[in-house]
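Taking it in order: structure first as structure tokens, then the write-up.
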Amino acid sequence: MYRTNWGIGHGLKDILEAHKGPFTGQGHKGLYEILTTSWHAQLSLNLAMLGSLTIVVAHHMYAMPPYPYLATDYGTQLSLFTHHMWIGGFLIVGAAAHAAIFMVRDYDPTTRYNDLLDRVLRHRDAIISHLNWARIFLGFHSFGLYIHNDTMSALGRPQDMFSDTAIQLQPVFAQWIQNTHALAPGATAPGATASTSLTWGAVI
């Protein structure tokens, strides 16, 4: 996809500048120059991507354990999750810090008129207020579950609580993905049905 030394494929600059939507003005025009001239912008983007990936790894290591018996070794499991969440959090904080340094030191609004970053900055009040509204919505609903369970417990109605033995909240999308893997172990998870070692009857 990307252009090599022989001129085959697309240049990253061409891809970015061709990306224009109905609400983004000039789109990603100028983004390539930002990333190639500002170390802080490039570092911020890389830290954000690596931090997000590390948090996804933290989740996947307990939701879909990569090693046999890891799911039942609770101390190791908890340590791995905590370790990767802390690292991911620090990386994302670093991404925000270097993005702020880029905005102060390297960003020039006079040469970046009407591109995506300029439009996001001009609409920052609306964006922040909508994010705040979404956060309040999620917070009240999460806290509402606790209030509901406490109330049902106080009234002696455990059958009406949200729990594994009463009203269940099941991760239906994760179950669908895991069921897909279970139905096609040869294609999507080739080692899922294999024995763990020669001791337990593995075939070489």
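Each residue of the sequence shown is one higher than the one before, starting from 1 at the first, in UniProt numbering.
Cβ coordinates follow ideal geometry from the N, Cα and C atoms, glycine included.
None of these values were measured; they are calculated from a predicted model.
DSSP beta-bridge partners of residue i
{"i": "residue 83", "result": "Answer is none; residue 83 lacks a bridge partner."}
{"i": "residue 162", "result": "167"}
{"i": "residue 2", "result": "10"}
Cβ pair residue i, residue j closer than 8 Å
{"i": "residue 27", "j": "residue 115", "result": "yes"}
{"i": "residue 106", "j": "residue 48", "result": "no"}
{"i": "residue 32", "j": "residue 20", "result": "no"}
{"i": "residue 179", "j": "residue 161", "result": "no"}
{"i": "residue 112", "j": "residue 30", "result": "yes"}
{"i": "residue 44", "j": "residue 126", "result": "no"}
{"i": "residue 77", "j": "residue 67", "result": "no"}
{"i": "residue 25", "j": "residue 119", "result": "yes"}
{"i": "residue 37", "j": "residue 87", "result": "no"}
{"i": "residue 166", "j": "residue 159", "result": "yes"}
{"i": "residue 81", "j": "residue 58", "result": "yes"}
Test: residue i CB closer than 8 Å to a CB of chain C
{"i": "residue 84", "result": "Protein chains in the displayed structure number just one, and chain C is not present."}
Per-residue DSSP class, three states only, for residue i
{"i": "residue 123", "result": "coil"}
{"i": "residue 90", "result": "helix"}
{"i": "residue 155", "result": "coil"}
{"i": "residue 64", "result": "coil"}
{"i": "residue 143", "result": "helix"}
{"i": "residue 98", "result": "helix"}
{"i": "residue 19", "result": "coil"}
{"i": "residue 38", "result": "coil"}
{"i": "residue 114", "result": "coil"}
{"i": "residue 72", "result": "helix"}
{"i": "residue 51", "result": "helix"}
{"i": "residue 175", "result": "helix"}
{"i": "residue 28", "result": "coil"}
{"i": "residue 150", "result": "helix"}
Exposure of residue i, with buried meaning 16 or more beta-carbon neighbours within 10 Å
{"i": "residue 177", "result": "exposed"}
{"i": "residue 91", "result": "buried"}
{"i": "residue 131", "result": "exposed"}
{"i": "residue 102", "result": "buried"}
{"i": "residue 84", "result": "buried"}
{"i": "residue 117", "result": "buried"}
{"i": "residue 51", "result": "buried"}
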